[in-house]
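Residue numbers (this note's numbering), protein chains in the order written: chain E, 1 to 265; chain P, 1 to 265. Working notes, structure below.
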């Protein structure tokens, strides 16, 4: 997503050229290219798929909405398995229109996962619940802290459901370091992502994630915490940023790889 | 601040006309009008000043910055005392430029309060630390949760330092209800404010607070929690909102009073 302006073949070639060993993919460009073709493309380039983003959106209160979400998440699991990644990232979904019931929405996520998690496990795919920054609680993700994500995950076996930690979403939370350690100790740290926090935030607040080193996040400290929690998997850089998307994708990818070497893990 | 387009005399007259018994004032318009004159104005109208906003901004790492902040907070205490309110709200301040050290900034707040709190107590003014939404952690307020605010306040006697709870800032936090109860039990609930959460957020995210009833916050539930925590003081409505500021101030004040009767406490 950091370089969504790059078509999949160019992205894969550029990663290979730059020595980037793994890439996190999003469902929409994969579906557009064809899941089997995308799987072949990355495999032929010797590239691993670190995670597939994203399943989730499990907060619907009506049976039809819930059934549609579960079915879509099963398709996401199938796509992840076809791509050869073991991790599907989940963004949980916001409040249904007109609802004020955060606790109810969070409970429905757990309920829906009772159907999705065993299906995923049967395909060799684990689920990673990603807490999103509290500014997204109403309209995108009612899971706002790593503690909340872990509390949901802990209803399931660790190899089925864990968490995705993105520094952009948790950097402000004084409880997150201890929760990251708890996730690691419990075998529930399933994905780890870096982004920096820059201000002012843009309208809508979705596409203002900072390039590594430009913002307020102590990235080396978070890399150290992930390391101490036993994380040895790929470290993703996920930047939703209108400014980066407006630039040449190859330049952005090179810059990001350089920033990762200086400020990352 | 909800109707900052109204000059102080019009605001005071309109509150009296509408049966609004107390008003929260901000330092800048009070200073502009003259502190003594403003005090006389509200007193003559039979209006109470619920709180003065705001002191704080205590995160400077350099001695000169710290000394200037302490001096400014003493002036804010003097202004609060002159206005006859017993509560000064504190917005703690963000990270100093280039800093990544949230924990250090939070510790400096506690340190600065050791000078300000006794001075305020001697003037009959208590301090209310307001946690701001985590989206302000970098540039405005490193105190992001009610739990963090209470942890700072609890270094001091309850009658000197407590918290200001604004639904806009804490509504997403599943720990906030228990922390609100803890604040009440400890005698540290010093101010209570309502605002709703609406999306999309505007650029800069400061001026998009929702009119009561327009958003995602379960306002009656929060009023019930404040009540259960023993809150019997004034309930403020603080809406930073470009849309409301562009309208006729008297209309906005009337609308807000009506919304308060339907959705408020």
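C-beta atoms are modelled at their ideal positions from N, C-alpha and C, and glycine is treated no differently.
(request) Indicate whether residue 98 of chain E and residue 59 of chain E have their beta-carbon atoms separated by less than 8 Å. (result) no
(message) Against chain P, does residue 239 of chain E count as a neighbour if the rule is that its beta carbon must be under 8 Å from one of theirs?
(response) Taking Cβ atoms only, chain P never reaches closer than 8 Å to residue 239 of chain E, which makes this a no.
(request) Going by DSSP, name the residue or residues bridged to residue 161 of chain E. (result) E:127
(message) Can you give me the C-alpha to C-alpha distance between residue 30 of chain E and residue 173 of chain E, rounded to a whole angstrom?
(response) 33 Å
(request) State the start and end residues of the unbroken alpha helix (DSSP H) segment that holds residue 222 of chain P. (result) Where residue 222 of chain P is concerned, the enclosing alpha helix (DSSP H) stretches over 219-228.
(request) Identify whether residue 5 of chain P lies in helix, strand or coil by the three-state DSSP scheme. (result) coil
(request) Quick one: grab the DSSP three-state call for residue 73 of chain P. (result) helix
(request) Measuring only between beta-carbons, confirm whether residue 200 of chain E sits less than 8 Å from chain P. (result) Yes, contact with chain P.
(request) Would you verify that the beta carbon of residue 52 of chain E is, or is not, closer than 8 Å to some beta carbon of chain P? (result) Using a Cβ-Cβ cut-off of 8 Å, residue 52 of chain E does not count as an interface residue toward chain P, since no Cβ of chain P sits closer than that to its own.
(request) Would you identify the three-state DSSP class for residue 25 of chain P, choosing helix, strand or coil? (result) strand
(request) Just grab the DSSP bridge partners of residue 93 of chain P for me. (result) P:141
(message) Mapping the DSSP letters down to three states, classify residue 215 of chain E as helix, strand or coil.
(response) coil
(message) With distance defined between alpha-carbon atoms, name the residue in E:61, E:79 and E:17 nearest to residue 27 of chain E.
(response) E:79
(message) Using only CA atoms, which one of E:210, E:245, E:248 and E:141 lies nearest to residue 260 of chain E?
(response) E:210
(message) For a minimum of 4 consecutive residues, which ranges assigned as the alpha helix (DSSP H) are wholly contained in the segment 176-207 of chain E?
(response) Counting only runs of 4 or more residues that sit fully inside the segment 176-207 of chain E, the alpha helix (DSSP H) segments are 176-185, in chain order.
(request) Rounded to whole angstroms, what's the CA-CA distance from residue 170 of chain E to residue 137 of chain P? Just pull it up for me. (result) The straight-line gap from Cα to Cα measures roughly 11 Å.
(request) Determine the direct distance from the alpha carbon of residue 203 of chain P to that of residue 202 of chain E, and round the result to whole angstroms. (result) 4 Å
(message) Using 8 Å for Cβ pairs, my map puts residue 54 of chain P next to residue 90 of chain P. What's the rounded Cβ distance?
(response) Yes, residue 54 of chain P and residue 90 of chain P are in contact; Cβ-Cβ is about 6 Å, under 8 Å.
(message) Using only the alpha-carbon positions, how far apart do residue 3 of chain P and residue 184 of chain P sit?
(response) 29 Å
(message) Between the segment 101-112 of chain P and the segment 57-73 of chain P, can you find at least three pairs of beta-carbon atoms closer than 8 Å?
(response) Contact holds: three or more Cβ-Cβ distances are below 8 Å.
(request) Please list, in chain order, all residues of the same chain as residue 85 of chain P whose beta carbon is under 7 Å from its beta carbon, the five residues on each side excluded. (result) 49, 50, 51 and 52
(request) Select from E:23, E:20 and E:83 the residue whose C-alpha is nearest the C-alpha of residue 37 of chain E. (result) E:83
(message) I need the boundaries of the beta strand (DSSP E) containing residue 49 of chain E, first residue and last residue.
(response) 48-56
(request) Could you have a look at residue 13 of chain E and say whether DSSP puts it in helix, strand or coil? (result) helix
(message) Check whether chain E comes within 8 Å of residue 102 of chain P, counting only Cβ atoms and requiring the distance to be less than that.
(response) yes
(request) Within 10 angstroms of the Cβ of residue 32 of chain P, are there 16 or more other Cβ atoms? Answer buried if so, exposed if not. (result) Answer is exposed; the Cβ neighbour count stays below 16.
(request) Note down the Cα distance separating residue 141 of chain E from residue 122 of chain P, rounded to an integer number of angstroms. (result) 46 Å
(request) Can you pull the chain E residues whose beta carbon is under 9 Å from the beta carbon of residue 144 of chain P, in chain order? (result) Those within 9 Å of residue 144 of chain P in chain E are 134, 172, 173 and 174.
(request) Verify the CB distance criterion: does residue 148 of chain P have a CB-CB separation below 8 Å to chain E? (result) yes
(request) Could you tell me whether the Cβ atoms of residue 163 of chain P and residue 189 of chain P are closer together than 8 Å? (result) yes
(request) Starting from the C-beta of residue 176 of chain P, find all residues in its chain whose C-beta is less than 6 Å away, skip the five residues before and the five after it, and write them out in chain order. (result) 146 and 170
(request) Flag this pair as yes or no: are the beta carbons of residue 212 of chain E and residue 196 of chain E separated by less than 8 Å? (result) yes
(message) Considering Cα atoms alone, identify which of E:57, E:61 and E:62 is closest to residue 73 of chain E.
(response) When each option's Cα is compared against that of residue 73 of chain E, the closest is E:57.
(message) Any beta carbon of chain E sitting closer than 8 Å to that of residue 267 of chain P?
(response) The structure shown does not extend to residue 267 of chain P, since chain P spans only 1 to 265, so no value can be given for it.
(message) With a threshold of 8 Å between beta carbons, is residue 218 of chain P in contact with chain E?
(response) yes
(request) Can you tell me the Cβ-Cβ gap for residue 139 of chain E and residue 256 of chain P, rounded? I've got them flagged as a contact below 8 Å. (result) Not confirmed; about 24 Å, so no contact.
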